[in-house]
Amino acid sequence: MRQTTDGRTVTIAAIAAVAVLLALGLLVALHPRGRVSCPTGSAAVVFDPGHGGEDPGAINEAYGLVEKELTLEIARRAADLLRQEGYLVALTRNDDRTIAANSPRGEVANVCGAGVYVSVHLNAFGDPDPNYVLTLWGIEEKDRAFAATMQAALATELRPGTDLGDSGLDQLENGGLLTARMPAVLVEPVFLTNPAEAARLGNPDGRRREQIARAIAAGVAKWFRASEATS
Ligand SMILES: [Zn+2]
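Residues in the sequence shown are numbered consecutively from 127, following the numbering used here.
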């Protein structure tokens with residue numbers, strides 16, 4: 127485009143640009159939730175496969191492991207297991223997309239009217255030695271009891287026959303956990319930087335990934351059963 131030095135043309139262009147910006151601002155104001163919606167209309171369980179798109183999460187190049195791919199596979203497997211038990215399950219992402227912040231992930235659980243929100247991750251560290259089960263909660267009153275149930279389910283399912291440790295629970299100021307209004311946790315079942323665990327995770331038989339999914343599904347089902355028993 128040819129550059130203009132005509133003052134009037136520049137002024138008209140500036141007014142047009144301001145008008146477009148105002149119109150866009152009005153649209154955003156009218157739709158404060160932006161694009162956040164519940165993919166299944168409603169859901170009892172919302173799984174959040176960590177990372178995605180431009181954010182790969184942790185990577186173990188030697189074993190060809192990428193956290194964003196593993197979290198999606200594990201969340202899909204856990205969702206399938208719970209659907210077989212009759213639960214309605216939604217995922218915050220079901221493809222390799224970028225979600226810029228964590229808060230909208232928790233907001234998906236809110237608009238789904240979910241009973242629980244589980245963000246699925248895999249742990250990583252520079253040193254290859256650490257490997258333990260970790261469950262993180264955001265707000266103690268709503269999350270901590272659910273976190274204890276999830277941690278116990280993960281440890282029971284994943285520790286036998288391995289050196290996997292159990293570090294217990296910890297708190298994390300994560301936008302997803304803080305935004306979700308229901309019991310919410312972020313699970314880090316194993317370390318993808320630990321060589322023994324990386325070999326299990328990368329095994330084409332998929333057994334470890336399925337085992338992690340089963341542990342997550344078992345924890346969620348146990349939580350719902352306990353909630354029904356006490357209500
Ligand atoms: Zn992660």
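We put the beta carbon where it would ideally sit given N, CA and C, even for glycine.
All of these numbers come straight from a predicted model, not from anything done at the bench.
Closest by C-alpha distance to residue i, when choosing among the options
i: G287; options: E323, G241 and L303; result: E323
i: H177; options: A278, L208, P230 and L214; result: P230
i: A169; options: A216, N186, R161 and E233; result: A216
i: E187; options: R351, P321 and D255; result: P321
i: Q210; options: R340, W349 and E354; result: R340
i: V246; options: N236, A273 and G212; result: A273
i: G302; options: V313, P330 and G190; result: V313
i: N236; options: Q297, A325 and R307; result: R307
i: A310; options: G328, F251, A355 and V244; result: V244
i: R351; options: T305, T275 and F251; result: T275
i: T166; options: L196, P175 and Y213; result: Y213
i: R270; options: S163, L298, D289 and R202; result: L298
Three-state secondary structure (DSSP) of residue i
i: E180; result: coil
i: G345; result: helix
i: S229; result: helix
i: S168; result: coil
i: I265; result: coil
i: Y258; result: strand
i: D206; result: helix
i: S420; result: Any question about residue 420 goes unanswered here, given that the chain covers just 127 to 357.
i: V311; result: strand
i: P321; result: helix
i: A339; result: helix
i: A250; result: coil
i: A274; result: helix
i: L295; result: strand
Exposed unless 16 or more other CB atoms sit within 10 angstroms - verdict on residue i
i: A343; result: buried
i: E193; result: buried
i: E233; result: buried
i: V242; result: buried
i: R223; result: exposed
i: T356; result: exposed
i: P175; result: buried
i: R203; result: buried
i: F173; result: buried
Alpha-carbon to alpha-carbon, residue j and residue i
i: A281; j: A226; result: 31 Å
i: D292; j: T218; result: 28 Å
i: I200; j: R335; result: 6 Å
i: L284; j: L260; result: 12 Å
i: D331; j: I185; result: 20 Å
i: W349; j: Q277; result: 11 Å
i: L295; j: E267; result: 14 Å
i: I265; j: T305; result: 10 Å
i: D253; j: E195; result: 22 Å
i: W263; j: P315; result: 14 Å
i: C238; j: R161; result: 13 Å
Proximity test, residue i beta-carbon vs ligand 3 heavy atom, cut-off 7 Å
i: Q277; result: Of the ligands this structure carries, namely ligand 1, none is ligand 3.
Closer than 8 Å to chain B by CB, residue i
i: D181; result: Given the protein chain composition of this structure (a single chain), no chain B is represented.
- Beta carbon shell of ligand 1 at less than 5 Å from a heavy atom: Selection output, chain order preserved: G176, G183 and H247.
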